[in-house]
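Student:
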Amino acid sequence: MSEWLIRWQYAPRHWQWLTVLGVPLLLLIFSAWWWLQPLRSHRQLLAKQYQQQYQHYQARLAQLIAQPTLLMQQQQNQQLLASLQAADSATFSLAALMADGAALEKWQPDAQGGELTLLLSWSHFQQTLAYLASRQPPVVINTLLLQRHGEQLRATISLGISNAQ
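Heads up, the sequence shown stops at 757 in our numbering, and the numbers go up one at a time, no gaps.
1. Please check the pair residue 753 and residue 736, which I expect to be a contact at CB under 8 Å, by giving their CB distance rounded to whole angstroms.
2. From the DSSP output, read off the bridge partner residues of residue 698.
3. Kindly give me the distance between the Cβ atoms of residue 746 and residue 711, rounded to whole angstroms, as I take these residues to be in contact under 8 Å.
4. By the DSSP assignment, the alpha helix (DSSP H) with residue 605 in it spans what residues?
5. Exposed or buried, what is residue 716 when buried is set at 16 or more other beta-carbons lying within 10 Å of its beta-carbon?
6. Kindly give me the distance between the Cβ atoms of residue 744 and residue 713, rounded to whole angstroms, as I take these residues to be in contact under 8 Å.
7. Alpha helix (DSSP H) containing residue 594: first to last residue?
8. How would you call residue 695, buried or exposed, if buried means at least 16 neighbouring beta carbons within 10 angstroms?
9. Assuming the contact rule is C-beta atoms closer than 8 Å, residue 706 and residue 700 should be a hit. Round their C-beta distance to whole Å, please.
10. For residue 748, does the three-state DSSP call read helix, strand or coil?
11. Roughly how many angstroms separate the alpha carbons of residue 660 and residue 643, rounded to a whole number?
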């Protein structure tokens with residue numbers, strides 16, 4: 593090692609200054625690069641995450657822009673609800689039929705309709721027929737047996753549901 597030191601001492605001045613300043617400077621640069629490498633990789637990871645989140649945000653924003661506004665959605669929901677309530681009020685209901693004043697004697701429902709026996713007055717009989725005629729889907733009277741039962745009528749009605757709209 594002393595031979596290297598002697599050669600350095602006899603070297604020109606600019607080489608001596610270059611080595612005195614250059615070697616520590618190179619060591620400083622190398623140690624700074626080694627120290628900053630984890631920070632650089634962390635920065636790259638954060639940049640990648642930012643890019644992914646930005647793309648996700650842009651895709652989500654495009655989906656939201658494509659959707660109708662909340663007010664339009666609420667109006668559409670109200671219209672659907674109103675049509676559903678209107679359709680529900682037109683379907684056959686035994687409770688609604690009994691509210692017209694008829695007395696239920698027998699009810700045998702089945703998948704295609706059923707058989708219904710009612711005790712009612714003549715005016716209630718007309719209201720019952722009007723009620724059945726106004727239902728949706730249409731209620732079909734397959735058979736109708738009308739008998740006198742004291743002051744009232746006994747109506748035995750075999751009902752079906754029409755598939756035609």
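Ideal Cβ placement from N, Cα and C applies to all residues, glycine included.
Tutor: Reading off the structure:
1. Stepping through the sequence shown from its first residue, residue 753 is reached at position 161. Stepping through the sequence shown from its first residue, residue 736 is reached at position 144. Between residue 736 and residue 753 the Cβ distance is about 16 Å, and since that is not below 8 Å, they are no contact.
2. Numbered from its first residue, the sequence shown carries residue 698 at position 106. BP columns for residue 698 point to 709.
3. On the sequence shown, residue 746 is found 154 positions in, with the first residue counted as 1. On the sequence shown, residue 711 is found 119 positions in, with the first residue counted as 1. With 8 Å as the limit, residue 746 and residue 711 qualify as a contact, their Cβ atoms being about 6 Å apart.
4. What you label residue 605 is simply residue 13 of the sequence shown in a count that begins at 1. It spans 605-658 - the alpha helix (DSSP H) in which residue 605 sits, taken as one unbroken run.
5. Along the sequence shown, read from residue 1 onward, the residue named residue 716 stands at position 124. Classification for residue 716: buried.
6. Here residue 744 is taken as the residue at index 152 of the sequence shown, counted from 1. Here residue 713 is taken as the residue at index 121 of the sequence shown, counted from 1. Correct: roughly 6 Å between the Cβ atoms.
7. Your numbering for residue 594 matches position 2 in the sequence shown. Residue 594 -> alpha helix (DSSP H) spans 594-602.
8. As a working mapping, residue 695 is identified with position 103 in the sequence shown. With fewer than 16 Cβ atoms within 10 Å of its Cβ, residue 695 is classed as exposed.
9. As a first step, residue 706 must be located in the sequence shown, where it is residue number 114. As a first step, residue 700 must be located in the sequence shown, where it is residue number 108. Contact flag correct, Cβ pair sits at about 5 Å.
10. Start at 1 with the first residue of the sequence shown, and residue 748 comes out as number 156. Residue 748 falls in the strand class under three-state DSSP.
11. Against the sequence shown, residue 660 aligns to sequence position 68. Against the sequence shown, residue 643 aligns to sequence position 51. Distance between the alpha carbons of residue 660 and residue 643 is about 28 Å.
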